[in-house]
Amino acid sequence: MDYIIFDLEWNQSPAGKKYSNQRLPFEIIEIGAVKLNQKREFVDRFQKLIRPQVYKWIHNSIHEVIHVDYKDLKNGEPFEQAVNEFLEWCGEDFCFFTWGNQDLTELQRNMKYYGVLQMLPGPVIYYDVQKLYAIRYEERRNRRSLEYAIDQLEIEKKYGFHRALADAFYTAEVLKTIEDSWVFPNSSVDVYQNPKSRKEELHLKYPTYDKYVSREFSAREKVMKDREVTSTRCPVCQKAAKRKIRWFTNNTKNFYSVSLCEEHGLIKGKIRVRKNDEDKVYAVKTLKLISEEEAEEIRGKRESLRLKRQLKRRNQKEV
811 MDYIIFDLEW NQSPAGKKYS NQRLPFEIIE IGAVKLNQKR EFVDRFQKLI RPQVYKWIHN
871 SIHEVIHVDY KDLKNGEPFE QAVNEFLEWC GEDFCFFTWG NQDLTELQRN MKYYGVLQML
931 PGPVIYYDVQ KLYAIRYEER RNRRSLEYAI DQLEIEKKYG FHRALADAFY TAEVLKTIED
991 SWVFPNSSVD VYQNPKSRKE ELHLKYPTYD KYVSREFSAR EKVMKDREVT STRCPVCQKA
1051 AKRKIRWFTN NTKNFYSVSL CEEHGLIKGK IRVRKNDEDK VYAVKTLKLI SEEEAEEIRG
1111 KRESLRLKRQ LKRRNQKEV
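Be aware that the sequence shown starts at 811, since it is given in my numbering, and climbs by one per residue.
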């Protein structure tokens, strides 16, 4: 299996968000990638400039960062041709690595816009090197820039940043410093192409938590009525856990709960309700063990929300 470390540069509406194409807010203008074998040895590189077809002028902020203007892109390839060449270059046995979680989503969004999304079936399992760097060196909490990681690891700066091939190269150099034991248990899943049926739903197990991605529903109200969505199982033994704090929310997008496994302790549940491009919704649920102190924080959050709602109802009655 080869490791494909890729990076994208994209443009957006030069006239501002108001004039953005909602189906394609970010138009890819460059693909850069390096290929490593399983020994982390360099095999090949890939780089393509892409001729814009939606935003035919470079947004000022984009130009300042990547130093590419429309004259550079006029001789680029159409996106459909470039992405086809890229996926052919990847080969048949590979996995994706990126810095951050946005590139793979935007790649698929661009592919969908141009009618070639079938070339990359999803949901896509990949490895977020930014996350892996945080797990290995920063105790999971911080999301650092690529240049920060390069400086901290004292990797030689051979190229400038913010060009696709250079950033792919630097991402590969960071990846080389992270042992397999930190990499492969911590994969990520891109759900731009979310599950469509119960059979396609994802149940993923990680070292410190479990993740579940539901099929899609026609409305938010239906999501939290589904038994599988709202179930809470211990991430260690997989047995059903007893609910101590029922699911609650303050914004209809994020729901929280606390449950108890008699053998392994308290479990925090979090459900994020997401909307896809077709205005269907689906749930991403995580379950992880927590301390008594963390459970009390969640209890306090629920109580605070309850009091705010009581006060709001009281004020409405008085009016």
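For glycine and all other residues, C-beta sits at the position ideal for the given N, C-alpha and C. Computed from a prediction, not measured in an experiment: that's the story for all the values here.
Nonlocal neighbours in the same chain, by C-beta distance under 7 angstroms from C1044, ignoring five residues either side: A1051, C1071, H1074, I1077
Where F889 falls, given that 16 or more other Cβ within 10 Å makes a residue buried: buried
Which of helix, strand or coil DSSP assigns to F994: helix
Whether V1039 touches S1024 by CB criterion (8 angstroms): yes
The beta strand (DSSP E) enclosing A843, as first and last residue numbers: 837 to 846
C-beta atoms of A1093 and I1081 nearer than 8 angstroms: yes
Nearest-angstrom Cα separation, counted from V1091 out to Y969: 42 angstroms
Closest by C-alpha distance to E966, when choosing among K922, H972, E983, L975: E983
L1121 to N1061 span [Cα, whole Å]: 17 angstroms
Span of the alpha helix (DSSP H), counted from its first residue to its last, around L917: 913 to 923
Identified DSSP bridge partners for W820: I838
Distance between beta carbons of N996 and I945, contact taken as under 8 angstroms: 6 angstroms
First through last residue of the beta strand (DSSP E) which encompasses T1096: 1091 to 1099
Touching by the beta-carbon criterion (3+ pairs, under 8 angstroms), the segment 955 to 962 and the segment 895 to 904: no
Residues of its chain near N1086, where Cβ-Cβ distance is below 6 angstroms and the 5 sequence neighbours each way are ignored: N1004
Rounded C-alpha distance that separates R1030 from V1083: 7 angstroms
Residues near A892 in its chain [Cβ-Cβ closer than 7 angstroms; skip 5 each side]: I841, K858, I860
From F907, E1010, Y943, I838, residue whose alpha carbon lies closest to that of Q918: I838
L1097 vs G1110 beta-carbon contact at 8 angstroms: no
CB contact flag (D817, W909, <8 angstroms): yes
W992 versus D882 - alpha carbon distance: 40 angstroms
K967, enclosing beta strand (DSSP E) - first and last residue: Looking at the DSSP string, K967 is not in any beta strand (DSSP E), and its letter there is neither H nor E.
Nearest residue (CA-CA) to C905, options D854, Q848, P835, R951: Q848
Every unbroken alpha helix (DSSP H) inside the segment 1016 to 1069 [4 residues or more]: 1030 to 1033, 1037 to 1040
Interface flag, G925 vs chain B, CB-CB below 8 angstroms: Among the chains of the structure shown, chain B does not appear; only one protein chain is present.
Sub-8 angstroms separation of Y1022 and K1095 beta-carbons: yes
Residue nearest to I814 in terms of C-alpha spacing, selected from R954, R973, Y924, T981: T981
Rounded separation between R953 and A843 - CA only: 22 angstroms
Beta bridge counterpart(s) of G1079 as assigned by DSSP: S1067, L1097
Bridge partners - I960, DSSP secondary structure assignment: Bridge partners of I960: none, in fact.
Nonlocal neighbours in the same chain, by C-beta distance under 7 angstroms from K1002, ignoring five residues either side: A quick correction: the sequence has Tyr, not Lys, at residue 1002. So the list reads T915, Q918, R919, G932, once near-sequence residues are dropped.
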